[in-house]
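Chains as they are written, first to last, in the numbering used here: chain A, 38 to 155; chain B, 38 to 155.
Worksheet: the structure to be examined is printed underneath.
Next comes the structure, spelled out in structure tokens:
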């Protein structure tokens with residue numbers, strides 16, 4: 038194995054790890070959907086998210102939001118109103134997902150054309 | 038609801054469907070990994086893929102390759118050698134995943150820095 042191959046393999050390895058990191062965070066049916074919805078709408082309450090994210094159950098939404106918060110992609114703010122309201126918002130870091138989401142959306146549209154004809 | 042909101046919602050809806058299409062194809066632990074490996078190495082035999090894609094079982098690899106072929110992202114070519122060899126390669130359409138994979142890899146690296154400090 039020559040040096041260039043070794044280098045390419047090492048780069049490939051760290052790239053694949055980075056890919057796996059991202060996919061661990063975004064995979065599944067809901068996360069990208071939730072992030073996309075927050076990106077379009079800005080700050081949202083739990084019940085608004087439940088309505089906007091088509092077909093998600095309250096328990097699942099709660100779990101997904103918690104995971105997104107752990108990964109510092111969203112913030113959860115409790116407002117001292119009566120009754121108490123809880124708001125979710127993308128962090129600056131969460132907003133950096135925008136180019137990925139755009140690329141994924143563009144590709145999805147292209148793929149549908151490719152598979153079913155233009 | 039005014040016209041701009043309606044328009045934004047309709048656009049958002051089709052965007053979210055496109056996102057779901059892509060994620061259905063690429064989600065899970067292996068697909069992006071397999072596509073990335075084929076992108077780096079070009080044409081590969083089954084056994085080479087099994088070795089390069091870290092930790093995948095033969096049965097899973099076989100299933101994932103079949104799904105990628107169904108989605109026209111890779112081709113499967115049987116070579117009339119003794120013993121018969123089967124080769125896998127990205128299609129032109131499969132290669133269009135490159136920008137997504139790059140974006141996902143870049144973000145994964147950034148995210149690791151964000152989470153664990155630079």
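All residues carry an ideal CB built from backbone N, CA and C; glycine is no exception.
On a predicted model such as this, the values are computed, not experimentally measured, just so you know.
> Between residue 88(A) and residue 124(A), which are expected to be in contact by the criterion C-beta below 8 Å, what is the C-beta distance as a whole number of angstroms?
Replying inline: Here residue 88(A) refers to the residue found at position 51 when the first chain is read from its first residue. Here residue 124(A) refers to the residue found at position 87 when the first chain is read from its first residue. Contact between residue 88(A) and residue 124(A) fails: their C-beta atoms lie close to 15 Å from each other, not under 8 Å.
>> Does any residue of chain A have a CB that is nearer than 8 Å to the CB of residue 31(B)?
In response: Any answer about residue 31(B) is impossible in this case: the structure gives chain B only from 38 up to 155.
>> Using a Cβ-Cβ distance cut-off of 8 Å, determine whether residue 53(A) contacts chain B.
In response: Taking the first residue of the first chain as position 1, residue 53(A) is located at position 16. Chain B places a beta carbon closer than 8 Å to that of residue 53(A), counting this residue as a contact.
>> According to DSSP, simplified to helix, strand and coil, what is residue 69(A)?
In response: Counted from its first residue, the first chain places residue 69(A) at position 32. In the structure shown, residue 69(A) adopts helical secondary structure according to DSSP, grouped into three states.
>> Do residue 135(A) and residue 62(A) have their beta-carbon atoms positioned less than 8 Å apart in this structure?
In response: Counting from 1 along the first chain, the entry for residue 62(A) is found at position 25. Counting from 1 along the first chain, the entry for residue 135(A) is found at position 98. In this structure, residue 62(A) keeps its C-beta atom at 8 Å or more from the C-beta atom of residue 135(A).
> Applying a beta-carbon distance threshold of less than 9 Å, which residues of chain B neighbour residue 88(A)?
Replying inline: Translated into the one-based positions of the first chain, residue 88(A) becomes position 51. Under the 9 Å cutoff, chain B gives no residues; its nearest Cβ is about 12 Å from residue 88(A).
>> Can you pull the chain A neighbours of residue 58(B), defined as C-beta to C-beta under 7 Å?
In response: Here residue 58(B) refers to the residue found at position 21 of the second chain. Listed along the chain, the chain A residues whose CB falls inside 7 Å of the CB of residue 58(B) are 145, 148, 149.
>> Alpha carbons only, please: which of 140(A), 144(A), 75(A), 71(A) is nearest the one belonging to residue 193(A)?
In response: Nothing can be reported for residue 193(A): it is not among the residues displayed for chain A, which extend from 38 to 155.
>> Here's a check: name, in chain order, each residue in its chain whose Cβ is nearer than 8 Å to the Cβ of residue 59(A), leaving out the five neighbours to either side.
In response: Residue 59(A) sits at position 22 when you count from the first residue of the first chain. 137, listed in sequence order.
>> Just checking: is the beta-carbon of residue 133(A) within a distance shorter than 8 Å of some beta-carbon in chain B?
In response: The residue given as residue 133(A) occupies position 96 in the first chain. Output row for residue 133(A): interface = yes.
> How long is the line joining the alpha carbons of residue 101(A) and residue 112(A), rounded to whole angstroms?
Replying inline: For the purposes of this step, residue 101(A) is identified with residue 64 of the first chain, where counting begins at 1. For the purposes of this step, residue 112(A) is identified with residue 75 of the first chain, where counting begins at 1. For the pair residue 101(A) and residue 112(A), the Cα-to-Cα distance works out to about 13 Å.
>> Any beta carbon of chain A sitting closer than 8 Å to that of residue 100(B)?
In response: Taking the first residue of the second chain as position 1, residue 100(B) is located at position 63. No, its Cβ sits nowhere closer than 8 Å to a Cβ of chain A.
>> For residue 91(B), tell me which candidate among 69(B), 103(B), 80(B) has the shortest Cα-Cα distance.
In response: Locating residue 91(B) in the second chain gives position 54, counting from the first residue. In this structure, 69(B) is the residue among 69(B), 103(B), 80(B) with its C-alpha nearest to the C-alpha of residue 91(B).
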